[in-house]
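Under this note's numbering, the residues of the sequence shown are numbered 41 to 622, in order. All remarks here apply to the structure that follows.
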Amino acid sequence: MKTTVLWIGILNLFLLPTLSRAAEKPMVRLQTESIEQIHGKIFESYQTATALFPFLGMMNQVGRPSPQGESPDETWSSIFFKKKFSSKLLPGVDLKKPLCLFSNLEASILNGDFSKCEAVAAIPCNNELEFRTLLKKYEIGCTPSENGLNNLSVPNLPVPAFLRFQKGYAWISLISSKPIETSALGELVKLIDPNQKDLLALQLNVTRIPKELKKFASDQIVSHLSEIPAPMSPPEEAVHKKLVPLAKKIQNQLLMESNEVNLKLDLDSKLLQFIVNLALDGQAKTELSKDIAAYKTPENSFGSLSKTELTYGTFLRMPLFAPEIRDLGVELLAQADQFLKADNALPEGTALTSQFLKCLQSSVKKGNLDLAYIISAPNKDNQFTALAALHLEEADTLLPLATKLIGVLPEDLKKLFKMDATKVQGLSVNSFKLKDVLNEADFDGIKGPFLTSVFGKDMDIKFAFAKDALYVAIGPDAEQKIAEAIQAKPLAMPVIDVGANGKHTIEFLKALSKNQMPAAMYGAFGNQEKFNMLSVKTKGGERLEIEVRTGLVAYFVMAFSTFRAQQFQAVPAAPVLAPPQN
41 MKTTVLWIGI
51 LNLFLLPTLS
61 RAAEKPMVRL
71 QTESIEQIHG
81 KIFESYQTAT
91 ALFPFLGMMN
101 QVGRPSPQGE
111 SPDETWSSIF
121 FKKKFSSKLL
131 PGVDLKKPLC
141 LFSNLEASIL
151 NGDFSKCEAV
161 AAIPCNNELE
171 FRTLLKKYEI
181 GCTPSENGLN
191 NLSVPNLPVP
201 AFLRFQKGYA
211 WISLISSKPI
221 ETSALGELVK
231 LIDPNQKDLL
241 ALQLNVTRIP
251 KELKKFASDQ
261 IVSHLSEIPA
271 PMSPPEEAVH
281 KKLVPLAKKI
291 QNQLLMESNE
301 VNLKLDLDSK
311 LLQFIVNLAL
321 DGQAKTELSK
331 DIAAYKTPEN
341 SFGSLSKTEL
351 TYGTFLRMPL
361 FAPEIRDLGV
371 ELLAQADQFL
381 KADNALPEGT
391 ALTSQFLKCL
401 QSSVKKGNLD
411 LAYIISAPNK
421 DNQFTALAAL
431 HLEEADTLLP
441 LATKLIGVLP
451 EDLKKLFKMD
461 ATKVQGLSVN
471 SFKLKDVLNE
481 ADFDGIKGPF
491 LTSVFGKDMD
501 IKFAFAKDAL
511 YVAIGPDAEQ
521 KIAEAIQAKP
531 LAMPVIDVGA
541 NGKHTIEFLK
551 ALSKNQMPAA
561 MYGAFGNQEK
571 FNMLSVKTKG
581 GERLEIEVRT
591 GLVAYFVMAF
601 STFRAQQFQA
611 VPAAPVLAPP
621 QN
């Protein structure tokens, strides 16, 4: 029974409309690019990665041993390191055409009747005999029936399966053979988009979901959300009460008010980025359609800093567009405040932390909480400056509390601070002697202030509290960067934008390792003016569009390179030999 339920749950993802509605859009449509196109993008991405980062080439040597009788060119473990996909891996499958799956659900499943649920997969086929051999290889029996129909016997599959070869595809249907009758295939072929350029495209027509199923799903979700798990502390219960309205609103808009959801996955082999595109549109005159129409492209308060020459930059705007999200954020911060007050810590420290959380609450209430973290391009001395800027309502109220806290610290800590050390744009800037702390530090065998090769010999942290922002900087140009942040202008940009300049990143790593890293580790990465690590763009209007681009290899390489740079710093330089005496 459990096996049957599991299979039915899987099949519901790929259920096709009944024959009488075959010409309509199915509830779910899933299409991939052709196998050749998918392989080409992955192979080109591998080529790009090894050109940028040569040490990744060792991946070509990693793989499972070849099965007996199979040459290395024909193994799944090595296909993506080869320029051409071997047709011997999938005999009978047309590698130049896309694969497609369709699905639909009927309300009758609520009564346990799955007879109207049918599933169809369209697998491109260029040789019927070879395709039958492929099925046999995977222990799938294929018995010819009448009118070109074949009965399939799939191990552990609890429902009937059928196969028909026609119009360049092997059509596989589950439960019923009606969807792949000859008269229906003409309409099914029209649902396959030959011009699709994404690795995978998923289309969900929400309006095709029966109302009875929507109501059933909604009732189940609401019932589950309304239950308060026991035991639950008062703070947890307070957060739960704020979370429930948000979750209810999301499920109601997705199930009851949305029209169509489109999800696309792709790979940019030149920029080495994985791309996710999500589009959602609401039904006319619903709250969802109004919310989407009112949504504006977000601005980051420090956006203009992204236009300066940087080594690295992160810009973040918290997604506080919905009142329910803001209410939840405020409640979480309030509970954090109560927790810290009960910790019996230093009163002055508690007062400062509590006020900081209240400033965050004010920012969240207004829906304006922006962050910028940058590392500047190297100066003439090949040194860098790092800056963090946080848009924070009433941030200037933190200054007197910080001063009080410093006043009660032990003398050896108090002397590290210098309040009101200088003025920048009329704003009081304070300093902290980080170098004196690092002199006593030991980082995995790296003794002393190892960051001086990057951020300069002084290593003073500069920090300032403005009326609506908090600034922290370190490096030779710290005061200049704080001044630039004060003068920064809001700019429309992605909700999250993380990027690096390849050339400057290499210079940063060289400085961190004191020029001990082998140049071969850098590859062509140093020629990249900008390398996107993560970007999340949003857009409203007729529909909500979200685009996520991520360069995962960049994260891996930068983390690996930074680790290696520190290792090289820990190794003492080789002694200089004296010239031989004549």
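All C-beta atoms in this analysis are idealised placements derived from N, C-alpha and C, irrespective of residue type, glycine included.
Since V512 is in the alpha helix (DSSP H), which residue starts that stretch and which ends it? Within the sequence shown, residue 512 is the residue found at index 472, counting from 1. It is not in any alpha helix (DSSP H) - V512 instead sits in the beta strand (DSSP E) that spans 509–514.
Name, in chain order, the residues that DSSP records as bridge partners for G353. One-based indexing of the sequence shown puts residue 353 at position 313. Answer is I414, G539, bridged to G353.
Would you list the one or two residues that DSSP bridges to D308? Position 268 of the sequence shown, counted from the start, is the residue given in the question as residue 308. In the DSSP assignment, the residues bridged to D308 are Q313.
Taking the C-alpha atoms as reference points, what is the distance between A257 and V316? Taking the sequence shown and counting its residues from 1, one reaches residue 257 at position 217. Taking the sequence shown and counting its residues from 1, one reaches residue 316 at position 276. So the alpha carbons of these two residues sit roughly 27 Å apart.
Is there contact between the region 518–536 and the region 454–474, where contact requires at least three CB pairs shorter than 8 Å? Result yes; three or more Cβ-Cβ pairs closer than 8 Å.
In whole angstroms, give me the CA-to-CA distance for K405 and I586. Taking the first residue of the sequence shown as 1, we reach residue 405 at position 365. Taking the first residue of the sequence shown as 1, we reach residue 586 at position 546. Taking the straight line from one Cα to the other gives about 24 Å.
What's the gap between the Cα of F571 and the Cα of T183? Along the sequence shown, one-based indexing puts residue 571 at 531. Along the sequence shown, one-based indexing puts residue 183 at 143. F571 and T183 have their C-alpha atoms spaced approximately 54 Å apart.
Give the straight-line distance between the Cα atoms of T222 and P234, rounded to the nearest whole angstrom. To locate residue 222, count along the sequence shown from 1; it is residue 182. To locate residue 234, count along the sequence shown from 1; it is residue 194. Their backbone Cα atoms lie some 21 Å apart in a straight line.
Alpha carbon of D421 to alpha carbon of G542, nearest angstrom: Translated into positions along the sequence shown, residue 421 becomes position 381. Translated into positions along the sequence shown, residue 542 becomes position 502. Note on geometry: alpha-carbon atoms of D421 and G542 lie some 19 Å from one another.
So, K444 versus A382, is the Cβ gap smaller than 9 Å? Position 404 of the sequence shown, counting from 1, holds the residue named residue 444. Position 342 of the sequence shown, counting from 1, holds the residue named residue 382. Contact: no.
Just to confirm, is the Cβ distance from L551 to A506 under 9 Å? As a first step, residue 551 is located in the sequence shown; it is residue number 511 there, counting from the start. As a first step, residue 506 is located in the sequence shown; it is residue number 466 there, counting from the start. A quick correction: the sequence has Ala, not Leu, at residue 551. No; because the gap between Cβ atoms is not below 9 Å, this pair is not in contact.
For the beta strand (DSSP E) that contains S471, what are its first and last residues? In the sequence shown, residue 471 corresponds to position 431, counting from 1. DSSP places S471 inside the beta strand (DSSP E), whose first and last residues are 467–473.
Determine the DSSP secondary structure at E186, reduced to helix, strand or coil. Stepping through the sequence shown from its first residue, residue 186 is reached at position 146. DSSP places E186 outside both helix and strand once states are collapsed to three, so it counts as coil.
From L427 to I414, what does the alpha carbon distance come to, in whole angstroms? If you number the sequence shown from 1, residue 427 lands on position 387. If you number the sequence shown from 1, residue 414 lands on position 374. Answer to the nearest angstrom: the Cα atoms are 5 Å apart.
Here's the rule: buried if 16 or more other CB atoms are within 10 angstroms of the residue's CB, otherwise exposed. What is H544? As a first step, residue 544 must be located in the sequence shown, where it is residue number 504. Flag for H544 reads buried.
Do E158 and K218 have their CB atoms nearer than 9 Å? As a first step, residue 158 must be located in the sequence shown, where it is residue number 118. As a first step, residue 218 must be located in the sequence shown, where it is residue number 178. Closer than 9 Å, so yes.
Within 10 angstroms of the Cβ of N340, are there 16 or more other Cβ atoms? Answer buried if so, exposed if not. For the purposes of this step, residue 340 is taken as the residue at position 300 of the sequence shown. So N340 counts as buried.
Given A532, which residues of its chain have a CB within under 6 Å of its CB, disregarding the five upstream and five downstream residues? What you label residue 532 is simply residue 492 of the sequence shown in a count that begins at 1. The answer, listed in chain order, is T337, E339.
Would a C-beta distance cut-off of 9 Å place E297 and E327 closer than the cut-off? By one-based count along the sequence shown, residue 297 stands at place 257. By one-based count along the sequence shown, residue 327 stands at place 287. E297 is a Cβ neighbour of E327, given a cutoff of 9 Å.
Runs of alpha helix (DSSP H) wholly within the region 145–221 (minimum 4 residues, chain order): The region 145–221 contains these whole alpha helix (DSSP H) runs: 168–177.
Tell me whether L231 sits in a helix, a strand or coil according to DSSP, three-state version. By 1-based counting over the sequence shown, the position of residue 231 is 191. Under the three-state reduction of DSSP output, L231 falls in the coil class, being neither helix nor strand.
Rounded to whole angstroms, what is the Cα-Cα separation between G80 and K136? What you label residue 80 is simply residue 40 of the sequence shown in a count that begins at 1. What you label residue 136 is simply residue 96 of the sequence shown in a count that begins at 1. A straight-line Cα-Cα distance of about 11 Å links G80 and K136.
Please report how far the alpha carbon of D537 lies from the alpha carbon of E349, in whole angstroms. The residue you call residue 537 lines up with position 497 of the sequence shown. The residue you call residue 349 lines up with position 309 of the sequence shown. Going by the C-alpha atoms only, they are around 15 Å apart.
Can you tell me whether P387 is buried or exposed? The criterion is at least 16 other CB atoms within 10 Å of its CB, across all chains shown. Within the sequence shown, the letter at position 347 stands for residue 387. Of the residues assessed, P387 falls on the exposed side of the cut-off, its CB having fewer than 16 other CB atoms within 10 angstroms.
Quick check on DSSP: helix, strand or coil for R366? Mapped onto the sequence shown, residue 366 falls at position 326. Residue state, collapsed to three classes: helix.
Three or more C-beta pairs closer than 8 Å, one from the region 495–504 and one from the region 304–312: is that the case here? Too few Cβ pairs lie closer than 8 Å, so no.
Alpha-carbon to alpha-carbon, K254 and L228: If you number the sequence shown from 1, residue 228 lands on position 188. If you number the sequence shown from 1, residue 254 lands on position 214. In a straight line, the C-alpha of L228 is about 26 Å away from that of K254.
In the structure shown, what three-state DSSP assignment does V39 receive? As displayed, the chain neither begins before 41 nor continues past 622, which places residue 39 out of reach and without an answer.
Taking only the alpha-carbon atoms, compute the straight-line gap between P440 and K455 and give it to the nearest angstrom. As a working mapping, residue 440 is identified with position 400 in the sequence shown. As a working mapping, residue 455 is identified with position 415 in the sequence shown. The straight-line gap from Cα to Cα measures roughly 18 Å.
Taking the alpha-carbon positions, what's the P131 to A162 distance? Residue numbering aside, residue 131 sits at position 91 when the sequence shown is read from its first letter. Residue numbering aside, residue 162 sits at position 122 when the sequence shown is read from its first letter. Between P131 and A162, the alpha-carbon positions lie close to 16 Å from each other.
Leaving out the 5 sequence neighbours to the left and right, which residues in its chain are closer than 6 Å to L400 when beta-carbon positions are compared? The count along the sequence shown starts at 1 and reaches residue 400 at position 360. Only L373 meet the Cβ criterion.
Apart from the five residues just before and just after N245, which ones in its own chain have a Cβ nearer than 6 Å to its Cβ? Mapped onto the sequence shown, residue 245 falls at position 205. These residues qualify, in order along the chain: K65, M67, E300.
Spatially closest choice to G208 from V199, F171, A241, Q291, by CA coordinates: By one-based count along the sequence shown, residue 208 stands at place 168. Closest in C-alpha terms to G208, from the list V199, F171, A241, Q291, comes F171.
For the candidate residues F142, T437, L283, whose alpha-carbon lies nearest to that of Q71? Taking the first residue of the sequence shown as position 1, residue 71 is located at position 31. Sorting F142, T437, L283 by C-alpha distance to the C-alpha of Q71 places F142 at the top.
Of the choices G389, F424, F205, V494, whose alpha-carbon is the least far from that of L449? Translated into the one-based positions of the sequence shown, residue 449 becomes position 409. The option with the nearest alpha carbon to L449 is G389.
Span of the alpha helix (DSSP H) holding K336? Counted from its first residue, the sequence shown places residue 336 at position 296. From DSSP, K336 is part of no alpha helix (DSSP H); its letter is neither H nor E.
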